[in-house]
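Notes follow once the structure below has been shown.
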Amino acid sequence: MLRQVTVGVDGSAESLAAAHWAAREALRRGASLRLVHAWKRHDTAPSVPAGTSERDRAEQTLDRAVGSVRAAHPGLRIVAGLVPGSAVDALLTAAAEGELLVLGSRGLSGGAGLAVGSVSQRIVAGSPHPVVLVRAGATSADEHLPVSDGVSPEEIPETPYRDVVLGLDTPHPGDELIEFAFEAARHRAARLRVVHAFSAPSAEGAGPRMDLLRPWREKFPGVPVTETVGEGRAATALVRASTRASLVVVGRRTRGSRLGTHIGPVTHAVLHHADCPVAVVPHA
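With positions in the sequence shown counted from 1, the corresponding number in the numbering used here is that position plus 724.
Written out as structure tokens, the structure is:
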């Protein structure tokens, strides 16, 4: 089956930034890119073909995003289409059909952080596959280490990537979460920085054991790993680490509860305050 990265577009600056990030991610993964736009038909006057004007506008929105991405990445395989239904329903359907869904989020004042709306939160909480949120204004240069003056935009992809940061809850690490983070670092030839913060010393008088990463180090021998274990708030440590990262990876535990989907306080805080794209990975 062909690998596919999916991105939701709605004509906003943040969704266009997400589309370009998704295009770069598709190239890193050797996957195709699927652009989707949710379209819900509304009632119109009897003399007007049902949904004509709304559908035209939806198609124009999708065409503009496709044209922008295709111009920047001419070699990328791109498919695009309208998905009927509300934004939440349409994007959750799209998320189930691809290996990764990318969405845009408005940047907070000052250009830092992600403003995560109710639609994005519901999709993050309900998607069976990982979801990445990208802030408005995010560019390829933001993913790479600083470059010296005189470097052209075409040379930026050759500059080393910033770290991939993994927020790890050692009591409930989740294989899906760890594997996603290692794969993300491998695709970028980047260092994986694993961060764990705990509220109090363990019974042994030290922080939690991190030897659970040993089999993953063996599976991904080409990925350099650093581990940071310290006392404090996990969300604070991850937001701080995001200022020097190309991607922050956090988890969402899947729960078969009547209460429905759940993001968790650490992931919720990181989504709202991180200074780089955030991947939320569902895991058992």
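Beta carbons are placed, not taken as given, at the ideal position from N, Cα and C, and that holds for glycine. Computed from a predicted model, the values in this text were never measured in an experiment.
Residue state for G809 is assigned as coil, using DSSP reduced to three classes. Closest by C-alpha distance to V953, out of F922, S966, D999, T967, is F922. Contact check for S844 against S864 fails: the beta carbons are separated by 8 Å or more. Each residue's CA atom was taken as its position, placing E882 and P939 some 30 Å apart.
The beta-carbon separation of L995 and V1002, rounded to 6 Å, stays under the 8 Å limit for a contact. With the rule of 3 Cβ pairs closer than 8 Å, the region 779 to 791 does not count as touching the region 906 to 913. G732: member of the beta strand (DSSP E) spanning 728 to 732, first to last residue. Per DSSP, reduced to three states, the secondary structure at E955 is strand. Burial state of S851 is buried, judged by a 10 Å Cβ sphere holding 16 or more other Cβ atoms.
When secondary structure is reduced to three states using DSSP, D780 falls in the helix class. Note: A1003 is bridge-paired with V856, V973 in the DSSP secondary-structure output. Using a Cβ-Cβ distance cut-off of 8 Å, the region 811 to 820 and the region 953 to 962 are not in contact, since fewer than three pairs of beta carbons, one from each stretch, lie closer than that value. Within a 10 Å sphere around the beta-carbon of V972 sit 16 or more other beta-carbons, which makes this residue buried.
Under DSSP, R846 takes part in no beta bridge, so it has no partner.
Secondary structure at S876: coil, using DSSP grouped into helix, strand and coil. Around the beta carbon of V729, a 10 Å sphere encloses 16 or more other beta carbons of the protein chains shown; the residue is thus reported as buried. For F906, the three-state secondary structure derived from DSSP is helix. DSSP links G828 through a beta bridge to V858. At least 8 Å separates the beta-carbon of T967 from that of R915.
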